[in-house]
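Down below is the structure, laid out as structure tokens.
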Amino acid sequence: MLTVVKNQCRISFLSIKYALMREMLNKTTFITNVIFMVLNNASFIIQWIVLYSLRNDIGGYTFRQVLLLWGMASGTYGVAHFFFKKAFSLSDIINNGKLDSFLVQPKNVLLSVIVSDVETSALGDMLYGFIMLIIYGITPYTLILYCLFIICGGLILTSISVILSSLSFWFSKTDMIAETGNNLMVNFATYPDGIFKGLVKALLFTFIPVGITTFIPVHVITEFNINLFIIVILVTVIFITLAFLIFFRGLKRYSSSNLMVARI
Amino acid sequence: MRKYLFIYKSELMSNLQYVFNVFAGFIGYFILMVIFLNLWKYVYSNPDEIINGYSMNQMIWYVIVTEILWSSLSGRSFCNKISEDVRSGNIAYNINKPYNYILYSLMSHLGSRTICFIMYVIFGMLVGFIFLGSFPTLSILSIIAVLISSIFAFIISTLLITFIGLFSFVIEDSAPFYWVYSKLILVLGTIFPIEYFPKFIRPILTFSPIYVVSYGPAKLFVDFSWNNFIFIFIAQIIYIIIAYMLCFVTYKKGVKKLNVNGG
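Residue numbers (the working numbering), protein chains in the order written: chain A, 1 to 264; chain B, 1001 to 1263.
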């Protein structure tokens, strides 16, 4: 069992490595993508400078905590989109019968699909996350927690995308649902949870689990709480399990479209 | 001019078939509005408070209008299309056609987004009314003025994005430039009016594209005055000329060194 997992991990990392090498063929484009993504994220600091000139705290967050929130959101997004890029276009892969080439591989189908490509600009997101952590105040303690939380958050984001995209096995035109779900996670993640009240806030900790991927990690890094920490880990495990279960349940309904494609 | 009107009409008619696709975009728009409603309600602890000359309702309407302009534009896919035309060599097919590529792209994009824009206006007004319970006070003439200003803003945005897309002649992937442009418009023009920024930055913003593509129409909608309209109108005309010239020069220089392999 352990050897199987080890082999699967090795294959996945090799797949990511070769995809990255492919992206690095054009160095100018690669570097521009990374640097401009950092600048792209950094532009939002202006928004918070303006808001903090109006009030001393926004939603109970200090300016430094908002920077950490941004670091957490972009780090989470970066992990999900860099390592598991194809999870975010899984609907299209299922709808167009592009799973065929992965089905014949003697490895886990879901993992083989989602690690088959990388998004270069997501490296910029991860880099920006670490820059924000440095500005917030980097210590071995914050660094370890931050790395752990962006991995958990990235896995939750990926799992949500896999779950929503897997609906394509049963229904048509579900790509819009998957896209909307992904957008919901990204849009809410960059605003302090304190500004939301009532139903919206409840949704953010349940059906749209931004609270688990971003808000709770920021609270735990600011002030450690073992219960919240365990909740994040548990929810991550639950989402990953659900993603695998739903995907493989749906895979039984998959039918090829006889599409001839070359994977280069 | 008639051929460009024909291009506009053709795109408009073909996009009527995909009208339901716009509804998916409404969800994203609605989410943003929920976020901004919550944000401004938090910042304006007292709803009657005036901050930098704007009440809470005016701020929410301001964001509703700027987001209508931005969301209905679909700038990213348009920039990708121009960029892809250059990278794939498709642009070579346009060189020998009896039209100007810049004007063709402009009219084609305007045609494809017109229905979307109208639907966003209706949806945005509905969202604003549900959230706030009233509309800003505007006469029929001032509504027409706001619409003219919005259409001009749309034209300028389209031309500026064409210009960014044409960067692909120089650097293969122009998407990173679009990210930065879109975020600057979003942060400096969509979320806050110019009055929210420090005094020393305001003159820079007034002369930047932000003034003509987002601030202008939204400001007219929330706080209309004919003086403002004339000033914004003149600035928009100047910007249309500048943006077109930028596209034209980049295109002309680009096609000279265009090298297409295969066919």
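Don't be surprised by glycine CBs; every beta carbon is placed ideally from N, CA and C. The model shown is predicted, which means the values in this text are computed figures rather than measured ones.
Paired residues, beta bridge with residue i - DSSP
{"i": "residue 61/A", "result": "58/A"}
{"i": "residue 1054/B", "result": "1051/B"}
Partner residues on chain B for residue i, Cβ-Cβ distance less than 9 Å
{"i": "residue 24/A", "result": "Result: empty, since nearest Cβ-Cβ is about 14 Å, beyond 9 Å."}
{"i": "residue 37/A", "result": "1176 and 1179"}
{"i": "residue 227/A", "result": "What residue 227/A touches in chain B: nothing, since even the nearest Cβ is about 27 Å away."}
Cross-chain neighbours of residue i in chain A, by beta carbon under 7 Å
{"i": "residue 1192/B", "result": "50"}
{"i": "residue 1196/B", "result": "50"}
{"i": "residue 1042/B", "result": "58, 59 and 195"}
{"i": "residue 1172/B", "result": "26 and 29"}
{"i": "residue 1184/B", "result": "43"}
Same chain, Cβ closer than 7 Å to residue i, neighbours up to 5 away in sequence not counted
{"i": "residue 178/A", "result": "91, 161, 164 and 165"}
{"i": "residue 1249/B", "result": "none"}
{"i": "residue 1105/B", "result": "1082 and 1162"}
{"i": "residue 1164/B", "result": "1079, 1174, 1177, 1178 and 1181"}
{"i": "residue 1037/B", "result": "1060 and 1131"}
{"i": "residue 1167/B", "result": "1174 and 1177"}
{"i": "residue 20/A", "result": "118"}
{"i": "residue 182/A", "result": "88 and 161"}
{"i": "residue 250/A", "result": "166, 169 and 170"}
{"i": "residue 1025/B", "result": "1071"}
{"i": "residue 16/A", "result": "83, 115 and 118"}
Listed by chain order, chain B residues near residue i by CB distance under 8 Å
{"i": "residue 265/A", "result": "For residue 265/A there is no data in the structure shown, the boundaries of chain A being 1 and 264."}
{"i": "residue 32/A", "result": "1171, 1173 and 1176"}
{"i": "residue 270/A", "result": "Only positions 1 to 264 of chain A appear in the structure, and residue 270/A is not among them; the question remains open."}
{"i": "residue 180/A", "result": "1024, 1027 and 1028"}
Residue i CB to nearest heavy atom of the ligand SAM below 8 Å
{"i": "residue 1112/B", "result": "Because no ligand of any kind appears in the structure shown, any question about the ligand SAM cannot be addressed here."}
Listed by chain order, chain B residues near residue i by CB distance under 7 Å
{"i": "residue 176/A", "result": "1024"}
{"i": "residue 274/A", "result": "This structure leaves residue 274/A out entirely; chain A is present only between 1 and 264."}
{"i": "residue 142/A", "result": "None at all; the shortest Cβ gap to chain B is about 27 Å."}
{"i": "residue 40/A", "result": "1179, 1180 and 1183"}
Residues near residue i by beta carbon distance below 6 Å, same chain, minus five either side
{"i": "residue 1057/B", "result": "1132"}
{"i": "residue 122/A", "result": "78, 81 and 82"}
{"i": "residue 1263/B", "result": "Since pLDDT at residue 1263/B reaches only 49, below the 50 mark, its modelled position is unreliable, and the value read off the structure follows with that caveat. If we look at residue 1263/B and ignore the five residues flanking it on each side, it has no Cβ neighbours."}
{"i": "residue 189/A", "result": "73, 210 and 214"}
{"i": "residue 1253/B", "result": "none"}
{"i": "residue 243/A", "result": "159, 162 and 163"}
{"i": "residue 1117/B", "result": "1072"}
{"i": "residue 1109/B", "result": "1078 and 1158"}
{"i": "residue 1015/B", "result": "1112 and 1115"}
{"i": "residue 1258/B", "result": "none"}
{"i": "residue 205/A", "result": "211"}
{"i": "residue 217/A", "result": "72 and 149"}
9 Å Cβ cut-off: residues of chain A touching residue i
{"i": "residue 1051/B", "result": "54"}
Contact set for residue i: own chain, Cβ-Cβ below 8 Å, skip 5 residues either direction
{"i": "residue 51/A", "result": "58"}
{"i": "residue 1153/B", "result": "1069, 1212, 1213, 1214, 1216, 1217 and 1236"}
{"i": "residue 8/A", "result": "107, 108 and 111"}
{"i": "residue 1244/B", "result": "1102 and 1159"}
Interface flag, residue i vs chain D, CB-CB below 9 Å
{"i": "residue 121/A", "result": "In summary, chain D is missing from the structure at hand, where the protein chains are A and B."}
*Would you call the stretch 1175-1188 of chain B and the stretch 29-42 of chain A in contact, with 3 or more CB pairs under 8 Å?*
yes
*Residues of the stretch 1025-1039 of chain B with a CB closer than 7 Å to any CB of chain A: list them in chain order, please.*
Cβ contacts with chain A come from 1027, 1028, 1031, 1032, 1034, 1035, 1038 and 1039.
*Residues of the stretch 184-213 of chain A with a CB closer than 8 Å to any CB of chain B: list them in chain order, please.*
Answer in chain order: 184, 187, 188, 191, 194, 195, 196, 197 and 200.
*asked:* Quick test of the definition: if touching needs 3 or more C-beta pairs under 8 Å, does the stretch 1118-1137 of chain B touch the stretch 1038-1047 of chain B?
replied: no
_Segment contact, 8 Å Cβ cut-off, at least three pairs: the stretch 1200-1213 of chain B with the stretch 58-77 of chain A_ = With the cut-off at 8 Å, the stretch 1200-1213 of chain B and the stretch 58-77 of chain A do not touch.
*Quick check: the stretch 39-46 of chain A against the stretch 121-135 of chain A, are there 3 or more CB pairs under 8 Å?*
With a cut-off of 8 Å, the stretch 121-135 of chain A and the stretch 39-46 of chain A count as touching, because enough Cβ pairs lie within range.
*Can we say the stretch 92-104 of chain A touches the stretch 147-158 of chain A, given the rule of at least three CB pairs closer than 8 Å?*
The stretch 92-104 of chain A is not in contact with the stretch 147-158 of chain A.
*If we count Cβ pairs, one from each stretch, closer than 8 Å, do we get three or more for the stretch 1139-1156 of chain B versus the stretch 1090-1103 of chain B?*
no
*asked:* Contact between the stretch 141-150 of chain A and the stretch 216-234 of chain A is defined here as three or more beta-carbon pairs at a separation below 8 Å; is this criterion met?
replied: yes
*Is it true that the stretch 181-195 of chain A meets the stretch 1019-1033 of chain B, where meeting means three or more beta-carbon pairs spaced less than 8 Å apart?*
yes
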